[in-house]
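Those protein sequences? They're chains X and E, same order as listed.
Residues in the first sequence are numbered from 17 upward in steps of one, following this note's numbering.
Residues in the second sequence are numbered from 2 upward in steps of one, following this note's numbering.
What follows is a single structure, written as structure tokens, with notes after it.
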Amino acid sequence: MMPIQELQERVRRYLLGQLSDGAGDEMERDLLANEEMFAELLIIEDELTDEYVNGGLTPDERVNFERHFLATPERQEDLRFAQALNRYVKANKNNKQMAGSHVPVFRYNQTFLFKAIAAVAIVGVLLGAWWIVRQRPPARQNLATLTLTISASDRSEGIRAKAVQLPRDADGLQLLLQLPDQSVVAVRYRVELEHEDGEKKSFEAAASERQSISVVIATAALKRGLNSLKVFALRSDGKEQRIPGSYFFTVQ
Amino acid sequence: MKKEWVLTQGAFDTLLEWLDPDREQAGRKYETIRTRLIKIFICRGCLEAELLADETINRVTSKAEEISKSYVGDPALYFYAVAQKVHLEHLRKPHTQQSAISVETADNLLSTAPVGLVEDFEPEYRCLERCLELLPKENRYLLERYYQLEKQAKVNHRKLLATEMGIAVNALRIRAHRIRLAMRQCVRTCLEQEPAH
Numbered sequence: 017m018m019p020i021q022e023l024q025e026r027v028r029r030y031l032l033g034q035l036s037d038g039a040g041d042e043m044e045r046d047l048l049a050n051e052e053m054f055a056e057l058l059i060i061e062d063e064l065t066d067e068y069v070n071g072g073l074t075p076d077e078r079v080n081f082e083r084h085f086l087a088t089p090e091r092q093e094d095l096r097f098a099q100a101l102n103r104y105v106k107a108n109k110n111n112k113q114m115a116g117s118h119v120p121v122f123r124y125n126q127t128f129l130f131k132a133i134a135a136v137a138i139v140g141v142l143l144g145a146w147w148i149v150r151q152r153p154p155a156r157q158n159l160a161t162l163t164l165t166i167s168a169s170d171r172s173e174g175i176r177a178k179a180v181q182l183p184r185d186a187d188g189l190q191l192l193l194q195l196p197d198q199s200v201v202a203v204r205y206r207v208e209l210e211h212e213d214g215e216k217k218s219f220e221a222a223a224s225e226r227q228s229i230s231v232v233i234a235t236a237a238l239k240r241g242l243n244s245l246k247v248f249a250l251r252s253d254g255k256e257q258r259i260p261g262s263y264f265f266t267v268q
Numbered sequence: 002m003k004k005e006w007v008l009t010q011g012a013f014d015t016l017l018e019w020l021d022p023d024r025e026q027a028g029r030k031y032e033t034i035r036t037r038l039i040k041i042f043i044c045r046g047c048l049e050a051e052l053l054a055d056e057t058i059n060r061v062t063s064k065a066e067e068i069s070k071s072y073v074g075d076p077a078l079y080f081y082a083v084a085q086k087v088h089l090e091h092l093r094k095p096h097t098q099q100s101a102i103s104v105e106t107a108d109n110l111l112s113t114a115p116v117g118l119v120e121d122f123e124p125e126y127r128c129l130e131r132c133l134e135l136l137p138k139e140n141r142y143l144l145e146r147y148y149q150l151e152k153q154a155k156v157n158h159r160k161l162l163a164t165e166m167g168i169a170v171n172a173l174r175i176r177a178h179r180i181r182l183a184m185r186q187c188v189r190t191c192l193e194q195e196p197a198h
């Protein structure tokens with residue numbers, strides 16, 4: 017695989033119609049066969065569109081963008097979305113800046129009593145902060161990690177479940193679940209853990225690297241034996257959709 | 002006149018079998034190929050990208066029985082070869098319009114403002130605001146911060162954000178893209194549900 021910057025430059029030139037016919041064909045064959053290349057193309061499409069919106073393209077690039085890239089209705093819709101997003105981000109940034117400038121200036125009178133109360137309050141806050149820092153658990157949890165791929169079956173028979181043995185001092189298990197290629201695009205994910213004894217628990221997952229999500233399960237929530245995970249995606253229309261298949265692992 | 006070939010379940014089953022002996026895997030490969038073919042046709046400026054992708058798939062399916070016995074290599078590349086022919090035929094049709102802007106017009110635009118930008122994207126903006134409310138706070142925060150600033154300031158800002166989050170810059174880029182994609186889908190759905198003006 018070529019270096020990432022070279023790949024990105026090649027994809028960018030392809031999208032702007034700047035590759036020769038032969039090079040373009042080669043790119044398209046790579047797109048069909050190579051997941052990473054295709055994923056990179058999707059990201060660079062957005063980045064090019066954002067640059068266009070923000071006036072960041074060179075004059076030649078702008079012409080190619082308008083002539084070649086914007087040729088289809090899909091891309092024109094994406095452009096409208098990019099404009100909306102750009103406006104939102106700018107408006108939100110401005111709102112935050114304005115809010116910052118309206119933080120009321122604390123005015124206090126000059127009495128000795130007030131100064132004394134203020135001093136006591138400051139000392140109290142400092143002591144409280146020190147106590148909280150002392151009590152707070154370490155920022156970094158000690159997690160064991162396991163990567164799982166989906167099994168088409170919901171039944172564990174015939175499945176070789178990956179085994180994990182948690183170290184004594186582990187705070188929990190971080191599971192990286194590789195999603196199938198055509199998973200639904202989700203706003204967020206929920207993972208349901210089911211133990212072989214039938215007990216179920218639900219956890220929120222976070223999007224991780226492309227096509228995978230990550231979920232952390234505290235040690236206290238894990239039981240020895242065979243466990244399965246089902247993933248549910250919250251779609252943009254607000255409905256939850258289960259991603260077919262299950263992930264299996266055994267806690268030893 | 003050529004006899005129209007009709008897609009049958011048997012032919013489709015043969016295609017899937019050729020893609021992968023496991024039916025579910027085959028289904029996923031089929032969807033992957035279809036999605037990527039559509040994208041390629043879009044990148045080539047085709048207004049009917051989905052139709053062309055489906056035409057490609059139909060042609061491959063019609064020959065699946067024959068191909069599966071003799072073809073060696075990645076099936077996706079066979080689809081590509083057929084897609085090339087489908088595209089050429091499409092270009093030869095007299096009604097085909099490949100580009101939104103003519104070459105002459107584009108050449109005159111070099112010194113003017115971007116013509117692709119629209120002034121009215123209120124529906125998209127309203128939908129985006131609604132969609133953003135569905136996001137977990139941390140994802141919304143990431144999106145807002147990631148898309149701030151422009152040019153070199155943006156590059157430096159994103160490096161800082163990645164460091165704050167404890168992830169590589171490219172991992173941040175991917176994460177932001179996935180959230181943006183979810184919002185894009187959400188806005189699309191929202192727009193479909195908007196009452197017509």
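Don't be surprised by glycine CBs; every beta carbon is placed ideally from N, CA and C.
Check residue i in the structure and name its three-state DSSP category.
| i | result |
| --- | --- |
| X:Ser36 | coil |
| X:Phe97 | helix |
| X:Gly72 | coil |
| X:Ile233 | strand |
| X:Val3 | Coverage of chain X is limited to positions 17 through 268, which leaves residue 3 of chain X absent and any answer about it impossible. |
| E:Gly74 | coil |
| X:Leu142 | helix |
| E:Arg29 | helix |
| E:Thr9 | coil |
| E:Arg45 | coil |
| X:Pro120 | Residue placement at X:Pro120 cannot be trusted, given a pLDDT of 44 that sits under 50; the coordinates are not used to answer. |
| X:Phe54 | helix |
| X:Arg258 | strand |
| X:Tyr263 | strand |
| X:Leu272 | Only positions 17 to 268 of chain X appear in this structure, which leaves residue 272 of chain X out of reach. |
At the level of alpha carbons, what is the spacing between residue i and residue j?
| i | j | result |
| --- | --- | --- |
| E:Leu129 | E:Pro22 | 42 Å |
| X:Val105 | E:Tyr72 | 51 Å |
| E:Thr33 | X:Arg184 | 43 Å |
| E:Phe212 | X:Met43 | In this structure chain E extends from 2 to 198, so residue 212 of chain E is not present and cannot be described. |
| E:Thr15 | E:Leu78 | 18 Å |
| X:Arg28 | X:Ala186 | 44 Å |
| X:Gly72 | E:Arg174 | 18 Å |
| E:Asn109 | X:Glu93 | With a pLDDT of 43 at E:Asn109, under the threshold of 50, the modelled position of this residue cannot be trusted, and the question is left open. |
| X:Ser228 | X:Tyr263 | 13 Å |
| X:Val232 | X:Gly188 | 7 Å |
| X:Val267 | X:Asn243 | 8 Å |
| E:Asp75 | X:Leu159 | 39 Å |
| X:Ser36 | X:Arg258 | 43 Å |
| E:Leu150 | E:Ala163 | 15 Å |
Would you say residue i reaches chain E, if we count a Cβ-Cβ gap shorter than 9 Å as a contact?
| i | result |
| --- | --- |
| X:Val267 | no |
| X:His84 | yes |
| X:Tyr263 | no |
| X:Val203 | yes |
| X:Phe54 | yes |
| X:Asp62 | yes |
| X:Ala49 | yes |
| X:Ile59 | yes |
| X:Asp187 | no |
| X:Ile20 | yes |
| X:Asp213 | no |
| X:Arg29 | no |
| X:Arg45 | yes |
| X:Leu191 | no |
Write down the C-beta distance between residue i and residue j rounded to the nearest angstrom, noting that I regard them as a contact closer than 8 Å.
| i | j | result |
| --- | --- | --- |
| X:Leu164 | X:Phe248 | The Cβ separation is near 16 Å, so there is no contact. |
| X:Leu162 | X:Leu191 | 5 Å |
| E:Ala172 | E:Tyr147 | Not confirmed; about 12 Å, so no contact. |
At least one CB of chain X closer than 9 Å to the CB of residue i: is that the case?
| i | result |
| --- | --- |
| E:Phe122 | yes |
| E:Asp75 | yes |
| E:Gln149 | yes |
| E:Gln186 | yes |
| E:Ile34 | yes |
| E:Pro137 | yes |
| E:His158 | no |
| E:Ile43 | yes |
| E:Arg93 | no |
| E:Tyr72 | no |
| E:Arg37 | yes |
| E:Ile58 | no |
| E:Gln10 | no |
How about residue i: is its Cβ closer than 8 Å to a heavy atom in the ligand ADP?
| i | result |
| --- | --- |
| X:Glu77 | Among the ligands in the structure shown, none appear at all, so the ligand ADP cannot be discussed. |
Mind the definition here: the segment 37 to 52 of chain E touches the segment 44 to 55 of chain X only if three or more C-beta pairs lie below 8 Å; say whether that holds.
-> Taking a contact to require three or more Cβ pairs closer than 8 Å, the segment 37 to 52 of chain E and the segment 44 to 55 of chain X qualify as touching.
Please list the residues of the segment 82 to 108 of chain X that have a C-beta atom closer than 8 Å to any C-beta atom in chain B, keeping them in chain order.
-> Included in the structure are the protein chains X and E, with no chain B among them.
Would you call the segment 75 to 88 of chain E and the segment 55 to 65 of chain E in contact, with 3 or more CB pairs under 8 Å?
-> yes
Please determine if the segment 53 to 69 of chain X and the segment 156 to 169 of chain E are in contact, where contact requires at least 3 C-beta pairs separated by less than 8 Å.
-> no
Is there contact between the segment 199 to 214 of chain X and the segment 42 to 51 of chain E, where contact requires at least three CB pairs shorter than 8 Å?
-> no
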